[in-house]
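See structure below.
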Amino acid sequence: MKHFILITSLLLSNASYFFSQTKNIKELLAKKRVVIIMLDGFGMNYYQNAPMPNLKRLTGTGFFREVKALMPTVTNANNTSICCGNFPDKNGITGNSFLAVNDKEEYMESKELVLSPTIFEKLKKYGIKSALLASKKKSIALLSKGADIALSPEIADSVWVKRLGKAPNIYSPEVNYWTMEAALDILKDQKDIRCLYIHTTDYPMHMWEPSDSNSLKHLMRIDEYIDKISKMAPDAMILITADHDLNHKDRCVDIENALAKKNVKVKIAISAERDKYLKHHRGFGGTSFVYLNDQKDEALVKKELLTIKGVKTVLTKKEASKEYHLMPERIGDLIVFADSLTVFGNLENKEEETLPANYRTHGSEYEIRVPLLILNAEHIPPASYFKYNKDLTTWLFREN
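So for the sequence shown, my numbering puts the first residue at 3; every next one is plus one.
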């Protein structure tokens with residue numbers, strides 16, 4: 003009992019010290035800018051395999067912790083949670099797609115769907131200017147509310163093209179370098195922008211495994227940009243995390259077709275990974291939202307789902323909402339999780355398909371391990387504070 007009291011006292015003492023040292027965000031960002039980098043797909047497999055000497059050097063005097071991404075491990079759910087600093091049950095973004103109240107399958111790519119303030123909106127209340135730079139334009143559509151600058155190479159205007167040159171194709175590693183160049187431009191010439199949020203694309207991770215020379219080349223270039231950012235803005239805190247890892251998958255299952263063969267019908271099964279960037283992953287992912295025609299079908303459908311090869315776990319809406327902090331109104335009646343080698347998606351007239359040897363994607367619990375790094379910052383919370391990628395910036399808003 004004495005040991006428990008002593009440990010508890012030490013933990014409370016450390017937490018009290020941190021919170022007493024944390025400055026008001028306006029005071030903090032008047033002295034130090036903050037650069038937030040959400041490296042899409044930069045899971046632990048990539049972090050551990052890439053040399054990235056500049057990042058590793060900066061981490062030596064900074065903070066690193068392996069944390070969890072949020073389920074489903076898809077970009078919109080995780081990027082929104084990082085940007086808002088809370089779980090999907092609060093911000094409302096539970097995946098890349100969902101079934102709306104009108105029974106229409108919709109992409110989660112509208113700022114009206116985000117139910118919590120973004121970091122840009124929070125900063126605006128303090129009169130602090132911010133910028134969102136995203137290789138994928140969908141992040142601009144989803145998360146730019148409150149940002150003073152919202153820029154994507156996919157929709158760059160003539161002013162930015164004149165500054166940085168024509169934007170590369172979205173399906174290339176070079177598009178990330180263009181986004182990083184835009185960040186350097188703002189850091190150099192627009193010092194009134196006190197917060198930059200940079201979101202890259204994971205296209206290179208979908209194309210190449212961590213040890214592939216092309217992947218290493220891409221991450222070495224990203225590493226060079228991190229070094230340039232630290233030198234261009236020596237005052238800046240640099241906060242880095244990822245939305246998910248990636249792994250090879252060897253088969254895709256069409257849940258609707260697989261159930262139909264068993265004479266079981268559902269309203270629709272939607273891959274949580276489904277978005278408009280089909281060249282990345284064809285819309286296949288490790289989580290599926292299954293919507294029922296009738297709630298009385300729940301037990302039967304769940305039973306049959308568990309007989310399908312590649313299905314690891316099936317949770318009810320209530321179970322998944324509680325387990326993974328998901329908003330129940332924006333997930334299926336049943337949530338299906340795949341095993342390590344399976345993904346779910348629409349295959350038209352087939353039940354399953356063998357995938358190419360180089361196919362890589364995410365969406366399951368097997369892509370949940372991601373790094374969280376904080377560089378050039380003071381009074382960082384204890385390591386125990388950081389459990390998820392969404393915790394990356396929340397500590398900045400703690401006030402005395």
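Note that the Cβ used here is the ideal one computed from N, Cα and C, for glycine as well.
Only counting runs of 3 or more residues, tell me where the beta strand (DSSP E) segments fall wholly within the stretch 69-117, in order along the chain. The qualifying runs are 99-101, 107-109.
Using only alpha-carbon positions, find the residue among L198, Q192, E183 that is nearest to R223. It is E183 whose Cα lies nearest to the Cα of R223.
E354 (DSSP reduced to helix, strand or coil): E354 falls in the strand class under three-state DSSP.
With three or more beta-carbon pairs closer than 8 Å as the criterion, would you say the stretch 65-81 touches the stretch 304-314?
Counting Cβ pairs under 8 Å, fewer than three are found: no touch.
Y390 versus I84, Y49, S112, residue with shortest Cα-Cα distance
The candidate whose alpha carbon is nearest that of Y390 is I84.
Notebook entry, point to check: S290 by DSSP, collapsed to three states: which one?
Noted result: Here DSSP, grouped into helix, strand and coil, assigns S290 to strand.
By alpha-carbon positions, which one of L328, Y293, S273 ends up nearest to F286? Nearest option by C-alpha distance: S273.
Three-way DSSP call (helix, strand, coil) for L274 in this model:
For the record, residue 274 in the displayed sequence is Ala; it is not Leu. DSSP, reduced to helix, strand and coil, places A274 outside both helices and strands of the structure shown, so it counts as coil.
Please classify K131: does DSSP put it in a helix, a strand, or coil?
Look at K131 here: in three-state DSSP terms it is strand.
Practice task
Return the residue from the list L60, G87, K34 that minimises the CA-CA distance to T396.
Solution key: Put simply, of L60, G87, K34 the residue whose alpha carbon is nearest the alpha carbon of T396 is G87.
Worksheet item: Span of the alpha helix (DSSP H) holding Y48?
Response: Counting along the chain, the alpha helix (DSSP H) containing Y48 begins and ends at 46-51.
- request: Compute the Euclidean distance between the alpha carbons of R253 and V338, then round it to the nearest angstrom.
  value: Per the coordinates, the alpha-carbon of R253 lies some 16 Å from the alpha-carbon of V338.
Between N348 and the rest of its own chain, which residues show a CB-CB distance below 7 Å, the 5 nearest in sequence each way excluded?
Non-local C-beta neighbours of N348 in its own chain, meaning closer than 7 Å and more than five positions away in sequence, comprise D256, G285, ordered along the chain.
| query | Going by other Cβ atoms of all chains shown within 10 Å of its Cβ, with 16 needed for buried, is N171 buried or exposed? | reply | By the neighbour-count rule (16 or more Cβ atoms within 10 Å), N171 is not buried but exposed.
- Have a look at C197 and L125 and give me their C-alpha separation to the nearest angstrom. Their Cα atoms are separated by approximately 9 Å.
Next item on the list: Compare the beta carbon distance of K403 and G334 with 8 Å and say whether it is the shorter of the two.
Entry: There is simply no residue 403 to check, as the chain begins at 3 and stops at 402 in what is shown.
Practice problem: List the DSSP bridge partners of L374. | Solution: R67, T243, per the DSSP bridge assignment.
Going by C-alpha distance, which of K311, K219, D150 is nearest P206? For the residues K311, K219, D150, the minimum Cα distance to P206 belongs to K219.
For A133 and L189, what's the separation of their Cα atoms in angstroms?
One C-alpha to the other measures close to 10 Å.
Thinking C-beta only, is T120 closer than 8 Å to L145? Contact: yes.
For this session: Hey, could you find the ends of the alpha helix (DSSP H) M54 is sitting in?
Result: Note, M54: premise wrong, no alpha helix (DSSP H); not H, not E.
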